[in-house]
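Asks:
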Amino acid sequence: MIAEYDRVLGLESVYEAFKDEIDEVVEHYDGDGSADYTGSMCLSDRRKCLRHNGWLSLLTDQVWKRKSELELLLERLDQHKADTLRDYSIQKYEECVV
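In the working numbering, each residue carries its 1-based index in the sequence shown increased by 20.
What follows is the structure, given as structure tokens:
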């Protein structure tokens, strides 16, 4: 599921992200014009559809969680970088003193 969110967030166009689903709906309506479509794309308003109600909140929560994880990782890497630089500086200082 994360891969799909990454796919959506990485694209500039919604059509690029959901090309197959959109084309499937267009083909269905071009065929007989029926509004009772039951394919992979929901045509109901998201507030009315029980299956998709809250999908934006779920997406937002997952993006926020991933952002928090990456910020924590960045802090750890910065700390590791500072520790490594400090250890290197101490080592070079001790070599010069001896």
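Just so you know, even glycine gets a beta-carbon here, dropped at the ideal spot from N, CA and C.
Nothing here was measured: the structure is a model prediction, and the numbers come from that model.
Going by DSSP in three states, Val-46 sits in which element: helix, strand or coil?
Replies: By 1-based counting over the sequence shown, the position of residue 46 is 26. DSSP places Val-46 in helix when its eight states are reduced to three.
Asks: Between the C-alpha atoms of Leu-79 and Leu-94, what's the straight-line distance to the nearest angstrom?
Replies: In the sequence shown, the residue the question calls residue 79 occupies position 59. In the sequence shown, the residue the question calls residue 94 occupies position 74. Looking at the two C-alpha atoms, the distance is approximately 22 Å.
Asks: Measuring straight from C-alpha to C-alpha, what distance separates Arg-8 and Thr-104?
Replies: The chain is shown from 21 up to 118; residue 8 falls before or after that span and cannot be answered.
Asks: Could you tell me the alpha carbon to alpha carbon distance between Arg-86 and Asp-40, rounded to whole angstroms?
Replies: Here the question's residue 86 lines up with position 66 in the sequence shown. Here the question's residue 40 lines up with position 20 in the sequence shown. Approximately 27 Å, taken between the alpha carbons.
Asks: Measuring only the C-alpha atoms, how far is Glu-36 from Glu-89?
Replies: Here residue 36 refers to the residue found at position 16 when the sequence shown is read from its first residue. Here residue 89 refers to the residue found at position 69 when the sequence shown is read from its first residue. Spanning the two alpha carbons is a distance of roughly 28 Å.
Asks: Could you have a look at Val-118 and say whether DSSP puts it in helix, strand or coil?
Replies: Along the sequence shown, read from residue 1 onward, the residue named residue 118 stands at position 98. Coil, per DSSP.
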